[in-house]
Amino acid sequence: MTGNEQEERRRRFAAWRKADRVLARGPAETTMGERLTALTTDAGTVHDLDDRADIYGDGVVAELERRVAALLGTEAAAFFPTGTMAQQVALRCWAGRTGNATVALHPLAHPEVHERGAFGAVSGLRTVRPTNEPRLPTAEEVRDFEEPFGTLMLELPLRDAGYVLPSWDELVEVVEAARERDAVVHFDGARLWECAPHFGRGLEEIAALADTVYVSFYKSLGGLSGAALAGPESLVEEARTWRHRYGGQIFQQYPAALSALLGLERELPRLPSYVAQAKVVAAALREGFEAAGLPWFRVHPEPPHTHEFQVWLPYSAEALDEAGVRQAEETGVVLFRRWSAQGAPGLSCTEVTVAAPALEWSPDDVRAAVAEFVHRLGRAPS
Numbered sequence: 024m025t026g027n028e029q030e031e032r033r034r035r036f037a038a039w040r041k042a043d044r045v046l047a048r049g050p051a052e053t054t055m056g057e058r059l060t061a062l063t064t065d066a067g068t069v070h071d072l073d074d075r076a077d078i079y080g081d082g083v084v085a086e087l088e089r090r091v092a093a094l095l096g097t098e099a100a101a102f103f104p105t106g107t108m109a110q111q112v113a114l115r116c117w118a119g120r121t122g123n124a125t126v127a128l129h130p131l132a133h134p135e136v137h138e139r140g141a142f143g144a145v146s147g148l149r150t151v152r153p154t155n156e157p158r159l160p161t162a163e164e165v166r167d168f169e170e171p172f173g174t175l176m177l178e179l180p181l182r183d184a185g186y187v188l189p190s191w192d193e194l195v196e197v198v199e200a201a202r203e204r205d206a207v208v209h210f211d212g213a214r215l216w217e218c219a220p221h222f223g224r225g226l227e228e229i230a231a232l233a234d235t236v237y238v239s240f241y242k243s244l245g246g247l248s249g250a251a252l253a254g255p256e257s258l259v260e261e262a263r264t265w266r267h268r269y270g271g272q273i274f275q276q277y278p279a280a281l282s283a284l285l286g287l288e289r290e291l292p293r294l295p296s297y298v299a300q301a302k303v304v305a306a307a308l309r310e311g312f313e314a315a316g317l318p319w320f321r322v323h324p325e326p327p328h329t330h331e332f333q334v335w336l337p338y339s340a341e342a343l344d345e346a347g348v349r350q351a352e353e354t355g356v357v358l359f360r361r362w363s364a365q366g367a368p369g370l371s372c373t374e375v376t377v378a379a380p381a382l383e384w385s386p387d388d389v390r391a392a393v394a395e396f397v398h399r400l401g402r403a404p405s
């Protein structure tokens, strides 16, 4: 990172941190001291802090595993330091059991885009793609795919396509199509917690469709780090062995486990209200862009399927970033954060997350913030 990039980053974080109106607060906006103080203050509400610290996964970590298994209705769950490791292990275990190391997944799935080819490089897995459309595969695409695969992996929601989800009936049909091919089904459920409102089903019923499910504790729930792999007892026990082999048998993880328990206790019950408010925010954004007379824009999907969605505008990422930082500095309002160049030249995309702070925003507040943003966009460098 160059000196100018570091300075821009410091400026951006300072503006976000000082802002008093945001749609969500990110972890980068709090200091280590603030996070540790909050954890120390609040953790006693979910676990006895006079209990000894965990040793290689017992104590509070084991309690967290039991809580996740109960929430998802699975026989067992195992804590992992990262979701990347959890899914590597899950799919490696299934490859051994099915005798087929081929995993069918979407080209925009996290392992394909963000993990540097880890499936093949580390675990000897091969990936195939039933569809290239910006959505999860259909039952017909799974059923008619031209070669065998041992596991169908479905990312719920599919983040890089816009946090999109199928309907409940479509999801059931896709799972049934995989079963017809004697494949197992694994859910990349890093953000599974926020999918229940869209499906109109509880977490247990959603998880019951899959053979294994991975969930994250820092995405949506605000934990420090960590993930869990949930599924049948025998598979989870095998996964614990591979977790050790992959270097995930960490001596003590109680800060992450405590923050995860806090997330399950506090954030999980609030997620439906965030999802509902995301629909309000998305509609008001569209109305604000229309009123501002922008030449083109897109809110995707509309309405949002979860409490996160995309916004696309026909400007450079640099111009949009500058407008957003100016708005935060000059008005104390953060509407959009980082933008990235996507698709055609001059087209950029950002992700919008709606969380607890956004519940205080009315549609008028959103529309006013859009007007302020567009005003500064007109003064931003192109």
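In terms of the working numbering, the sequence shown is residues 24 to 405.
Each residue gets a CB set at the ideal place from its N, CA and C atoms; glycine is no exception.
None of these values were measured; they are calculated from a predicted model.
With respect to T150, L128 sits close: the two C-beta atoms are nearer than 8 angstroms. With respect to the 8 angstroms criterion, V356 and R48 are not classified as neighbours on the basis of their beta carbons. Between E98 and the set A233, A51, G147, the nearest pair of CA atoms involves A233. Contact check for P380 against L46 passes: the beta carbons are separated by less than 8 angstroms.
Beta-bridge analysis with DSSP links A127 to V151, L175.
For R361, the secondary structure class from DSSP, reduced to helix, strand or coil, is coil.
Residue pairing for R321: DSSP places it in a beta bridge opposite W335. Taken atom to atom, the span from the alpha-carbon of R89 to that of F172 is near 31 angstroms. For H209, there is no enclosing alpha helix (DSSP H); the residue is found in the beta strand (DSSP E) stretching over 207 to 212.
Minimum Cα-Cα distance from A253 among the listed residues S239, Y186, L244, S243 corresponds to S239. Under DSSP, no beta-bridge partner is assigned to R399. Short of 6 angstroms from the beta carbon of F320, and not among the five residues preceding or following it, lie these beta carbons of its own chain, in chain order: F312, L336. The shortest C-alpha to C-alpha distance from T329 to any of T125, H137, A184 is the one to A184. In this structure, V83 and L285 do not form a Cβ contact; the two beta carbons are roughly 11 angstroms apart against a cut-off of 8 angstroms.
Linking P324 to L131 through their CA atoms gives a straight-line distance of about 16 angstroms.
The three-state secondary structure of T373, taken from DSSP, is strand.
I229 is classed as buried because its beta carbon has at least 16 other beta carbons within 10 Å across all chains shown. Assigned with DSSP and collapsed to three states, F168 falls in coil, not helix or strand. Non-local C-beta neighbours of V322 in its own chain, meaning closer than 6 angstroms and more than five positions away in sequence, comprise A305, L308, R309, V334, ordered along the chain.
Looking at the DSSP output, G254 shares a beta bridge with A99. In the displayed model, S239 falls within a strand according to three-state DSSP. In the three-state scheme derived from DSSP, where H, G and I count as helix and E and B as strand, R44 is classed as strand. V187 is bridged by DSSP to L181. Ranked by how close their Cα comes to the Cα of A231, the residues E178, E170, V195, R204 have V195 in first place. By a beta-carbon distance limit of 8 angstroms, F142 does not contact V165. Their separation comes to about 19 angstroms.
In the structure shown, the three-state DSSP call for V303 is helix. In this structure, E374 is the residue among E341, N123, E374, E288 with its C-alpha nearest to the C-alpha of F359.
Counting the other CB atoms within 10 Å of its CB gives H267 a total below 16, which places it among the exposed residues.
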